[in-house]
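Student: One structure follows; several queries about it will come next.
What follows is the structure, encoded as structure tokens:
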């Protein structure tokens, strides 16, 4: 693998002008995903030359595979006529995704030049929320009348299948276009010639989703049942499209990225390839939120300025309490957010999970506090200070556990993403309360006496 | 969706004894993944009753779908004869995965009672590293001699396919069992009867991996090319098995969980369903590491105890510096770890990514520092203190950006997981240096004069 990667980058270098003509011919035999990677490395003029030299369908597939930011830039610089030619060669769901990324006027300009029938389908797909089944489904599917026989069906497939993106299943519909069954190509291959499709699908337990189901839920169903795809229907059970395993792989990647990045207040779709100014726009607001939050902790410390002036060692130990509890909380938070990403928690399991984290926090807290007790006593010789430190640590680690498990649940209850800025909220709590426990106990037991 | 979930839990309650006999009959029509969920809710005796009432193949599929901890517990409590009966009904790759989870003596005990041929295959699969292609591949695949014709192939498939787990592709091999091509069921369905398979596959660009390729790399290939599966070969190109899209969906989920949980020092495979003592064993060592790390920061503060005694407000502001820089660093860290999960970074791109984060940190740092400057000046009226705060903040946010981008790269260079405890290492740096910058500057400009 390593070696072929090197080879790739070698060829990439060869690809830059003046030799781009020759390379353009070679590129056509590659997978669109690879061509997309190469296109991303090139300047606009060279991208244009490569795209012009390719068959229109291949060019469209390659552009559809490019990174979001890269393809937006490319399409916005292309003249609308050329862009429309590319877009009309794409599968309608890719076309809809891409046009949604462009500025409205630009998208409309391009859509106006796409052949009418394609444009109508793309426009239709653009009406679905991108975070739902409708927003990610493919519409180029094999649909068969359930009253056909197996051999008639194979005949239909032989003539129709070539331009369909999802060639592993055929979907059966009745006269009202309602979904009634699913057959794999294998089923058709093995069926006796005269058998009716509706009879072949008779005892199926058919799983489908309506167009407005959250895409994360769709991903969950497909990964739970190892489906290749799941049909999407409207409220009257009419077949609209199919979400396939490869869409789901993308969704899972994207959701994992969203969770991890949102947790700390980075943009949910940032990558190393996003413009850096985009990252600033996404992160800066959360840094301000974090600043306001840490002002709360600072205020708590401010309340005890007198104690600190009297006993500066408090300022030495106080960050340790907050830090340790913050880490404890983040461990709980990480497990909780991942759990909510791969599994649905019912009410009972939520309580179970919170209680579980508190138990873990308690035991870990006791271990850590005892060590802190010994260490502080050995280093300072002050028994009472050591006790205050250990008690504050234990209390704050419990706060961390409770907050780490609870914050994502509360965010979800409020209708927000369970990950959103959860780490920021968590440290606000562990910092403020950590300082409060430690400095408060110190004031009562060390300073006041 | 929501409704059917409720229904499920309804039925679950009905399932508990004394009515479990009736429910056991109903359960057989469900998907193994659903049965697994139900089994997990039951006590051992009831699990046993359900399993005994099911067809052996269905029971095996359902047990294979159970959570790791749950199925380990079940198999360790089953008598070995019964466990062996279940295991020999599983697909060999599932059987190997499950036996690897058991204690050695237990696994051997069960393997000794599995029919010889199955046992040999399972034992063979157990020799592969679970993190590699060999460790996740399926071996029940359709293999065809490349010298067959399309109609002969269909005949072979009709008689052989029924017990194969991967029925969408057939793999072509030559007389030496070397992989020479891949055909989909669709290809076979559409082929002229007399055409030779080797001719059908003639112009294919065949992508395969050797058994020792990292599973994350396999997932990367499958998701990049939207493959349904990727064949696994030995060094002589002989076909060993296939990794399929549903394995990849699991891998992507697991890797995302690993990254997020390792980042903060939680166990890479912890879930809400892991025994809580397991979580303690996984997390406690990292809490100790965190404690040692935060002792470094405490030591830095200790160096400036004199200054703090003189000017307790330093203790109020100092956590804000560290916290803000920590958050900045975690934003960079999250984007970097996700990038490394979905994409391979070459040397050039690594430098680009680090430089990009520094730019973002610089701009965000300037904004945040200016606000801090104004806020501290307005609240305290001390211009010099405000300047010290702002300068320390800017410097520490730059440290955070550099560390957030750099730590995963350094960990990888050292051959470690890029995520492992990265958040802990990060806050060590931002805390220690944040305190150092702030208290150091304060000592020079505020105390010493």
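Residue numbers (the working numbering), protein chains in the order written: chain A, 1137 to 1585; chain Y, 1137 to 1585.
Using N, Cα and C, we set each Cβ at its ideal position, and we do this for glycine too.
Since the model is a prediction, treat every value here as computed from it, not as a measurement.
Tell me, which residues are paired with residue 1346/A by DSSP?
Tutor: The residue given as residue 1346/A occupies position 210 in the first chain. 1369/A, per the DSSP bridge assignment.
Student: Look at residue 1398/A and residue 1553/A and say whether their C-beta atoms are less than 8 Å apart.
Tutor: Numbered from 1 along the first chain, position 262 holds the residue referred to as residue 1398/A. Numbered from 1 along the first chain, position 417 holds the residue referred to as residue 1553/A. Cβ atoms of residue 1398/A and residue 1553/A: closer than 8 Å.
Student: What are the boundary residues of the alpha helix (DSSP H) that residue 1392/A is part of?
Tutor: Locating residue 1392/A in the first chain gives position 256, counting from the first residue. From DSSP, the alpha helix (DSSP H) with residue 1392/A extends over 1381 to 1399.
Student: Quick one: what's residue 1189/Y bridged to in DSSP?
Tutor: Start at 1 with the first residue of the second chain, and residue 1189/Y comes out as number 53. BP columns for residue 1189/Y are empty, so no partner.
Student: Please tell me whether residue 1574/Y has its Cβ less than 8 Å away from any Cβ of chain A.
Tutor: The residue labelled residue 1574/Y in the question sits at position 438 within the second chain. False, the Cβ-Cβ gap to chain A never drops below 8 Å.
Student: Assuming contact is defined by CB atoms lying nearer than 8 Å, are residue 1474/A and residue 1472/Y in contact in what I supplied?
Tutor: Start at 1 with the first residue of the first chain, and residue 1474/A comes out as number 338. Start at 1 with the first residue of the second chain, and residue 1472/Y comes out as number 336. Result no, Cβ atoms of residue 1474/A and residue 1472/Y do not sit closer than 8 Å.
Student: For residue 1608/A, which three-state DSSP category applies?
Tutor: With chain A running from 1137 to 1585 in the structure shown, residue 1608/A is simply not present.
Student: Is the shortest distance between the beta-carbon of residue 1369/Y and the beta-carbons of chain C less than 8 Å?
Tutor: The chain inventory of the structure shown lacks chain C, comprising the protein chains A and Y.
Student: Quick check: the segment 1302 to 1319 of chain Y against the segment 1364 to 1383 of chain Y, are there 3 or more CB pairs under 8 Å?
Tutor: At 8 Å Cβ cutoff, the stretches touch.
Student: Under three-state DSSP, which class holds residue 1260/Y?
Tutor: The residue given as residue 1260/Y occupies position 124 in the second chain. Residue 1260/Y: helix per DSSP, three-state reduction.
Student: Select from 1435/Y, 1525/Y, 1411/Y the residue whose C-alpha is nearest the C-alpha of residue 1452/Y.
Tutor: Within the second chain, residue 1452/Y is the residue found at index 316, counting from 1. If we check each option's Cα against that of residue 1452/Y, 1525/Y comes out closest.
Student: Using a cut-off of 8 Å between C-beta atoms, extract the partners of residue 1487/Y located in chain A.
Tutor: Position 351 of the second chain holds residue 1487/Y. Going along chain A, no residue has its Cβ under 8 Å from residue 1487/Y, so there is no contact; the nearest lies around 11 Å.
Student: Verify the CB distance criterion: does residue 1543/A have a CB-CB separation below 8 Å to chain Y?
Tutor: To locate residue 1543/A, count along the first chain from 1; it is residue 407. Output row for residue 1543/A: interface = no.
Student: Check this for me: beta carbons of residue 1537/A and residue 1496/A, under 8 Å apart or not?
Tutor: Locating residue 1537/A in the first chain gives position 401, where the first residue counts as 1. Locating residue 1496/A in the first chain gives position 360, where the first residue counts as 1. Contact: yes.
Student: For residue 1325/A and residue 1341/A, I'd like the C-alpha separation in whole angstroms.
Tutor: For the purposes of this step, residue 1325/A is taken as residue 189 along the first chain, with counting starting at 1. For the purposes of this step, residue 1341/A is taken as residue 205 along the first chain, with counting starting at 1. In a straight line, the C-alpha of residue 1325/A is about 21 Å away from that of residue 1341/A.
Student: Determine, using beta carbons only, whether residue 1191/Y comes closer than 8 Å to chain A.
Tutor: Within the second chain, numbered from 1, the residue matching residue 1191/Y stands at position 55. For residue 1191/Y, the answer is no, since every Cβ of chain A falls outside 8 Å of its Cβ.
Student: Which partner residues does residue 1332/Y have in the DSSP bridge list?
Tutor: If you number the second chain from 1, residue 1332/Y lands on position 196. Note: residue 1332/Y sits in a beta bridge opposite 1285/Y.
Student: Is the Cβ-Cβ distance between residue 1276/A and residue 1309/A less than 8 Å?
Tutor: In the first chain, counting from the first residue as 1, residue 1276/A sits at position 140. In the first chain, counting from the first residue as 1, residue 1309/A sits at position 173. No, these two residues do not count as a Cβ contact at 8 Å.
Student: Decide yes or no for the touch test of the segment 1422 to 1441 of chain Y against the segment 1527 to 1542 of chain Y: beta carbon pairs closer than 8 Å, at least 3 of them.
Tutor: No, because fewer than three Cβ pairs between the segment 1422 to 1441 of chain Y and the segment 1527 to 1542 of chain Y fall closer than 8 Å, the two stretches do not touch.
Student: Which residue from 1564/A, 1323/A, 1501/A, 1407/A puts its Cα closest to that of residue 1433/A?
Tutor: Locating residue 1433/A in the first chain gives position 297, counting from the first residue. Nearest of 1564/A, 1323/A, 1501/A, 1407/A to residue 1433/A, Cα basis: 1564/A.
Student: May I ask which residues mark the beginning and end of the beta strand (DSSP E) holding residue 1318/A?
Tutor: Stepping through the first chain from its first residue, residue 1318/A is reached at position 182. Run containing residue 1318/A: 1315 to 1320, per the beta strand (DSSP E) assignment.
Student: Which residue wins for smallest C-alpha separation from residue 1515/A, given the options 1431/Y, 1477/Y, 1559/Y, 1555/Y?
Tutor: Position 379 of the first chain holds residue 1515/A. When each option's Cα is compared against that of residue 1515/A, the closest is 1431/Y.
Student: Three-state secondary structure (DSSP) at residue 1162/Y?
Tutor: Position 26 of the second chain holds residue 1162/Y. With a pLDDT of 45 at residue 1162/Y, under the threshold of 50, the predicted position of this residue should be treated as unreliable, though the coordinate-derived value follows. Here residue 1162/Y sits in helix by DSSP.
Student: What number of angstroms, rounded off, separates the C-alpha of residue 1436/Y from the C-alpha of residue 1378/A?
Tutor: Within the second chain, residue 1436/Y is the residue found at index 300, counting from 1. Within the first chain, residue 1378/A is the residue found at index 242, counting from 1. Cα to Cα, residue 1436/Y sits roughly 59 Å from residue 1378/A.
Student: Taking Cβ to Cβ, would you say residue 1358/A is nearer than 8 Å to residue 1381/A?
Tutor: For the purposes of this step, residue 1358/A is identified with residue 222 of the first chain, where counting begins at 1. For the purposes of this step, residue 1381/A is identified with residue 245 of the first chain, where counting begins at 1. Yes, the pair counts as a contact, with Cβ atoms nearer than the cut-off.
Student: To which residues of the same chain is residue 1590/A closer than 7 Å at the C-beta, ignoring the five residues directly before and after it?
Tutor: In the structure displayed, chain A extends from 1137 to 1585; residue 1590/A sits before or after that span and is not available.
Student: Comparing the C-beta of residue 1255/Y with each C-beta of chain A, is any distance below 8 Å?
Tutor: Within the second chain, the letter at position 119 stands for residue 1255/Y. Cβ-Cβ to chain A under 8 Å: no for residue 1255/Y.
Student: Would the segment 1436 to 1445 of chain A and the segment 1568 to 1580 of chain A be scored as touching if the rule is three or more Cβ pairs under 8 Å?
Tutor: Yes: the two stretches touch, three or more of their Cβ pairs being nearer than 8 Å.
Student: Among residues of its own chain, excluding the 5 on either side of residue 1581/Y, which ones have a beta-carbon nearer than 7 Å to its beta-carbon?
Tutor: In the second chain, counting from the first residue as 1, residue 1581/Y sits at position 445. So the qualifying residues of the chain are 1520, 1524.
Student: Which runs of the alpha helix (DSSP H) at least 4 residues long sit entirely within the segment 1210 to 1246 of chain A? Give them in chain order.
Tutor: If we require 4 residues or more, the alpha helix (DSSP H) runs fully inside the segment 1210 to 1246 of chain A come out as 1216 to 1225, 1228 to 1237.
Student: Short of 8 Å Cβ to Cβ, which residues in the segment 1382 to 1393 of chain A face chain Y?
Tutor: Within the segment 1382 to 1393 of chain A, the qualifying residues are 1382, 1384, 1385, 1386, 1388, 1389, 1392, 1393.
Student: Could you check whether the segment 1168 to 1175 of chain Y touches the segment 1190 to 1201 of chain Y, counting it as contact only if at least three pairs of C-beta atoms, one from each stretch, sit closer than 8 Å?
Tutor: Touching, yes, given that three or more Cβ pairs across the two stretches are closer than 8 Å.
Student: Could you check if residue 1351/A is buried or exposed, using at least 16 other CB atoms within 10 Å of its CB as the buried criterion?
Tutor: In the first chain, counting from the first residue as 1, residue 1351/A sits at position 215. Classification for residue 1351/A: buried.
Student: Residue 1366/A and residue 1345/A look like a contact to me (Cβ under 8 Å); what is the Cβ gap, rounded to whole Å?
Tutor: Taking the first residue of the first chain as 1, we reach residue 1366/A at position 230. Taking the first residue of the first chain as 1, we reach residue 1345/A at position 209. Their Cβ separation, rounded to whole angstroms, is 6 Å, which keeps residue 1366/A and residue 1345/A in contact under 8 Å.
Student: Within 10 angstroms of its Cβ, does residue 1510/A collect 16 or more other Cβ (buried), or is it exposed?
Tutor: If you number the first chain from 1, residue 1510/A lands on position 374. So residue 1510/A counts as exposed.
Student: Please report the distance separating the alpha-carbon of residue 1485/Y from that of residue 1550/A.
Tutor: For this step, residue 1485/Y is matched to residue 349 along the second chain. For this step, residue 1550/A is matched to residue 414 along the first chain. Each residue's alpha carbon lies about 39 Å from the other.
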